[in-house]
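Peer 1: Can you keep this structure in mind? I'll have questions shortly.
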Amino acid sequence: MTDRTPAPTNPLGTTLRRVAKRAFNAEAATAYLFILPSLIGFTVFYGYPAVRAVMISFTEWSLLRAPRPIGLENYERLLGDPLFWNAMKVTGLYVLYNIPVQTIVGLFMAVAMHRLTQSLVVRGVLVLPYLVSNVVVGLAFLWVLDPLLGTFNTFLGWFGIPRQPFLGSPEQALISIAGINIWRHMGFTALLFYAGLQAIPKELYEAGTIDGAGEWRLFRHISLPLLRPVMVFVLVTSVIGSFQIFDTIAVTTQGGPVNATRAIVWYIYENAFQFFRMGYASALSVVLFLLLITVTILQMRFLQGSRSEME
Amino acid sequence: MTRRPARLPLGKAIGWLVLLALIVVTLTPFYVMLKTAVSGPGTLFQQARSLMPLEPTTVHFERVLGLLSPEEARAAGGSGAVVNFPRALRNTVLFTVVVVLGQIFFSAMAAYAFARLRFVGRDLLFYGYLSALMIPNIVLFIPNFILIRDLGWLNTFQGMIAPFVLMTPFAVFFLRQFFLGIPASLEEAAKLDGSSPFGTFWRIILPISRTPLVTLGILTSIQAWNEFFWPFIVAREADVRVLTVALQSFQTSSAYGMPDWAGLMAATFLSVLPIFVLLIVLGRQVIASLQFSGLK
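Following this line, the structure appears as structure tokens:
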């Protein structure tokens with residue numbers, strides 16, 4: 001943009017600086033006008049509510065009466081709330097079921113595509129589930145996994161496996177939801193890894209092949225190490241997303257059976273919008289936020305080591 | 312060299328086999344959806360074991376689209392729980408169009424200022440925007456719900472679009488990265504020709520940013536079309552609800568007794584048709600956009 005003004009050692013320099021300053025002000029005024037709409041959106045729907053959420057968490061508020069300040073009571077209550085700890089357990093288990101399978105299958109798909117086909121159609125098909133809404137996916141699987149008439153039970157029947165209740169049983173509901181989301185996300189994960197693989201110079205693979213390396217060694221010593229930045233991104237974003245599982249639960253199990261799928265965001269939703277405990281729900285959401293920050297920092301530390309490969 | 316041609320095809324064959332299996336797994340639920348939607352009324356119990364639809368018909372699509380009288384619809388298996396599909400579709404289209412246009416335009420303006428103009432507090436503000444990316448939705452949704460309620464905007468269109476129409480931190484961040492790479496000489500020339508800042512933005516910056524704008528447009532459209540959580544909180548009444556919310560309530564409203572699976576699958580299938588069309592027409596751009604979304 002405009003060059004930096006020279007150090008003002010003479011009257012001419014002072015004049016120049018004054019001109020520059022005026023231009024700067026005009027430029028700033030323009031800039032504020034450009035930013036204004038987004039700044040309103042940011043302040044009203046991001047900045048202010050972020051602060052307000054913390055403030056609400058120190059109150060008891062049913063929306064019927066004015067909020068009553070109660071200090072840290074919501075946070076104390078949360079520590080003794082078995083449903084909160086259940087939600088933590090359910091969410092943690094869900095992340096553990098979901099992330100490893102999704103990442104490994106996605107990685108396999110990506111490597112297979114990278115080595116076998118550049119086909120856009122294959123990529124389009126595999127990413128299709130990611131493009132449709134969680135609601136659609138949830139409904140489709142509610143039907144596919146139906147205990148009585150579902151296609152999946154028919155399929156299991158071919159192998160002599162008896163009908164399973166899936167979403168209808170406390171033991172299988174959470175795994176079923178994890179399976180549904182693995183199905184939805186594996187193709188997208190693959191697409192991200194595939195993009196990463198394409199950025200790796202082909203010569204490396206050629207050199208490796210000439211040296212007699214097989215597919216496994218090419219993967220182990222070339223693809224995997226060079227995919228590290230993509231891996232960090234995929235894991236960090238999918239773990240953050242996974243912790244916030246909500247839509248699928250809203251469509252399929254609504255937290256049940258019993259408490260088997262009452263994950264943290266669903267539990268917060270119930271408190272806020274079904275029981276109208278705004279203070280308690282906000283406290284829960286603040287705890288979720290702190291937890292996500294911690295998990296993300298730990299992941300970055302752990303995955304990136306001392307190297308700074310991101311960006 | 313003599314060994315490899317024999318070994319590679321086997322590995323390749325296995326690779327292809329697994330890849331094909333994953334493609335089948337990916338497509339099967341969509342096929343089941345379509346198969347159920349076109350199966351004749353009363354075949355629900357037999358059709359689970361059949362690969363092909365039994366007594367194929369379009370009657371479920373017709374009743375979902377409201378082309379049949381209530382009596383006819385009930386005769387075809389309607390549970391009486393009516394999803395006003397045309398209405399919900401209209402709401403989703405409107406929501407998507409307004410959110411995409413507003414969000415991209417206003418975010419582009421902000422991104423331009425962040426990338427190109429100098430003003431006090433620029434970096435601080437930008438980091439403020441960026442840090443909002445870290446906040447889980449649910450944290451913001453509680454105060455935002457209260458605000459929308461206090462404004463009297465529950466169950467209104469403006470309440471539904473408000474948090475998305477002026478910006479998202481991602482859109483600003485994404486476009487700023489691109490604008491930073493535009494050579495400054497282009498704008499200098501326009502400025503010398505007496506173009507106003509907004510004129511420069513409108514006539515120079517936006518046209519040469521077609522590619523990232525299309526990328527962002529695709530990503531935002533898909534997201535808006537599929538948005539569920541926020542509309543589910545603030546706009547659940549039949550008149551204003553979008554497709555995702557309507558489909559969710561269609562399912563939960565039939566909690567006693569058997570859901571109207573054929574109707575539900577017909578509605579679900581119709582709601583994803585636009586995504587299929589988008590993928591078929593703009594496949595290359597869609598896939599490039601998604602790949603890019605990972606490399607931000």
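Which chain is which? The protein sequence lines are A and B, in order. Numbering-wise, my numbering puts 44 at position 44 of the first sequence, and it's gapless, one number per residue. Numbering-wise, my numbering puts 387 at position 76 of the second sequence, and it's gapless, one number per residue. Don't be surprised by glycine CBs; every beta carbon is placed ideally from N, CA and C.
1) Output, in chain order, the set of chain A residues within a Cβ distance shorter than 9 Å of M420(B).
2) With a threshold of 8 Å between beta-carbons, can V127(A) be considered close to chain B, or not?
3) Against T555(B), what residues of chain A qualify as contacts under a CB-to-CB distance less than 7 Å, listed in chain order?
4) If you draw a straight line from the alpha carbon of I591(B) to that of L120(A), how long is it in whole angstroms?
5) Output the boundary residues of the alpha helix (DSSP H) element that contains E538(B).
6) Which complete beta strand (DSSP E) runs does the stretch 165–237 of chain A hold, if anything under 3 residues is left out?
7) What does a CB cutoff of less than 7 Å around N402(B) pick up in its chain, not counting 5 residues either side in sequence?
8) Under 9 Å Cβ-Cβ, which residues of chain B neighbour Q244(A)?
9) Within this structure, are the beta carbons of Y423(B) and F34(A) separated by less than 8 Å?
10) Determine which residues share a DSSP beta bridge with T15(A) and list them.
11) Counting contacts by CB-CB distance shorter than 8 Å, is Y267(A) in contact with chain B?
12) Could you list which residues in chain A have their beta carbon closer than 9 Å to that of S582(B), in chain order?
13) Out of curiosity, what's the CA-to-CA distance linking P340(B) and W464(B)?
14) Helix, strand or coil, according to DSSP, for E548(B) in the structure here?
15) If you compare alpha carbons, which of A173(A), T43(A), Y194(A), P162(A) is closest to F141(A)?
16) Please tell me whether L451(B) and Y46(A) are closer than 8 Å, where the distance is taken between their beta carbons.
17) Which residues, taken in chain order from the stretch 359–379 of chain B, show a beta carbon closer than 7 Å to some beta carbon of chain A?
18) Here's the rule I'm using: 16 or more other beta-carbon atoms within 10 Å means buried, otherwise exposed. How should L328(B) be labelled?
19) Quick check: the stretch 150–160 of chain A against the stretch 70–84 of chain A, are at least 3 beta-carbon pairs closer than 8 Å?
20) F193(A) and A110(A) - do their beta-carbons sit closer together than 8 Å?
21) Tell me the DSSP bridge mates of P69(A)?
22) Note the first and the last residue of the continuous alpha helix (DSSP H) segment covering Q274(A).
23) Please determine, among M478(B), S520(B), I472(B), T555(B), the residue with the shortest C-alpha to C-alpha distance to P37(A).
24) Confirm, please, whether the CB-CB distance from P147(A) to F166(A) is below 8 Å.
25) Short check: CB of V545(B) to CB of V476(B), under 8 Å?
26) I'd like to know if P162(A) contacts chain B, where contact means its C-beta is closer than 8 Å to some C-beta of that chain.
27) At a CB-CB cut-off below 9 Å, which residues of chain A make contact with N402(B)?
28) For A426(B), decide whether its Cβ has a neighbour in chain A, counting only Cβ atoms nearer than 8 Å.
29) Report all residues from its chain with a CB closer than 7 Å to the CB of L107(A); omit the five preceding and five following residues, and keep chain order.
30) Could you tell me the distance, in whole angstroms, from the CA atom of V95(A) to the CA atom of V239(A)?
31) Just how far apart, CA to CA, sit T347(B) and L355(B)?
32) Less than 8 Å between CB atoms is the rule here; does S308(A) satisfy it with respect to chain B?
33) From L149(A) to P162(A), what distance separates their C-alpha atoms?
34) Of all the CB atoms in chain A, is at least one closer than 8 Å to the CB of N395(B)?
35) List the residues of chain B whose Cβ lies closer than 7 Å to the Cβ of T154(A), in chain order.
36) A178(A): which of V101(A), F188(A), L298(A), V135(A) sits nearest, CA to CA?
Peer 2: In short, the structure shows the following:
1) L33, F34, I35, L36, P37, S38
2) yes
3) S133, V135
4) 11 Å
5) First-last for E538(B): undefined, no H or E at that position.
6) none
7) V551, R552, V553
8) By Cβ distance, chain B contributes P447, N448, I449.
9) Yes; because the gap between Cβ atoms is below 8 Å, this pair is in contact.
10) None, per the DSSP bridge assignment.
11) no
12) V132, S133, V135, V136
13) 37 Å
14) coil
15) A173(A)
16) yes
17) A359, R360
18) exposed
19) no
20) yes
21) T59(A)
22) That residue, Q274(A), is in no alpha helix (DSSP H); it is neither H nor E in DSSP.
23) M478(B)
24) yes
25) Taking 8 Å as the Cβ cut-off, V545(B) and V476(B) do not qualify as a contacting pair.
26) no
27) Here the premise fails: no neighbours, minimum Cβ distance about 14 Å.
28) The C-beta of A426(B) comes no closer than 8 Å to any C-beta of chain A.
29) F193
30) The straight-line gap from Cα to Cα measures roughly 7 Å.
31) 8 Å
32) At S308(A) the pLDDT is 46, less than 50, meaning the model places this residue with poor confidence and gives no usable figure here.
33) Cα to Cα, L149(A) sits roughly 13 Å from P162(A).
34) no
35) A359, R360
36) V101(A)
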